[in-house]
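For reference, the structure discussed in these notes is given below.
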Amino acid sequence: MTIWIDDFANFREAIYRQDVAKMKAYFNFPVFADTTQIWQAVYDNIEQSKRPQTTPSTFTSEDLEKNHRQLFNEDFVESLLKVNAGRLYENGEFTTTKIVNKDLSFYMLAQYDKATNSLQLSLMYSGWKDEDGVDMSEGESATIYFFKVTNTNHLIFDKILFAG
């Protein structure tokens with residue numbers, strides 16, 4: 110019998126390998142964009158002037174093909190690979206060590222909620238550093254990916270939320 114953590118490992122492998130065909134298995138297309146903030150995640154690192162005036166009301170498998178690298182950006186991939194699946198399964202949560210990339214630091218908090226049968230992957234960014242190199246909380250933010258776990262222990266994308 111497959112358990113949800115097995116599917117998490119498969120998801121992580123698909124993301125790491127940039128295997129869009131396998132990524133598609135984790136979505137029920139079309140995804141309705143008005144409640145998921147999925148387009149905001151795609152456009153998050155694109156200059157405001159280069160973003161479209163309006164965003165589509167749905168996110169399709171073709172959109173995933175074109176935008177998977179923006180949706181699951183390098184920070185997401187790097188931190189996802191550091192999640193210890195065994196400890197996540199045993200404890201219901203796992204926090205990676207902080208990753209420092211140039212002037213940016215981030216980590217992932219992965220949480221499984223048994224009551225709602227859902228997995229939350231929070232990509233957490235630390236605030237900016239002051240002149241003494243001390244982290245300041247004012248710039249903290251997070252991109253939070255939510256997945257439902259089906260009755261067959263398969264992960265399905267639910268939504269993305271932003272904090273900070």
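If you want our numbering, it's the position in the sequence shown, counting the first as 1, plus 109. The C-beta atom is built at its ideal place from N, Cα and C for all residues, glycine as well.
| Asked | Found |
| --- | --- |
| Secondary structure at phenylalanine 256, three-state DSSP: helix, strand or coil? | strand |
| Using only the alpha-carbon positions, how far apart do histidine 177 and tyrosine 125 sit? | 11 Å |
| Can you tell me whether isoleucine 112 is buried or exposed? The criterion is at least 16 other CB atoms within 10 Å of its CB, across all chains shown. | exposed |
| Could you tell me the alpha carbon to alpha carbon distance between aspartate 184 and asparagine 119, rounded to whole angstroms? | 19 Å |
| In or out: alanine 130 buried (at least 16 other Cβ within 10 Å) or exposed? | exposed |
| Is it a yes or a no for the region 247–258 touching the region 211–228, going by three-plus beta-carbon pairs under 8 Å? | yes |
| Beta-carbon within less than 6 Å of serine 214's beta-carbon, same chain only, minus the 5 sequence neighbours each way: which residues are those? | Lys207 and Ser235 |
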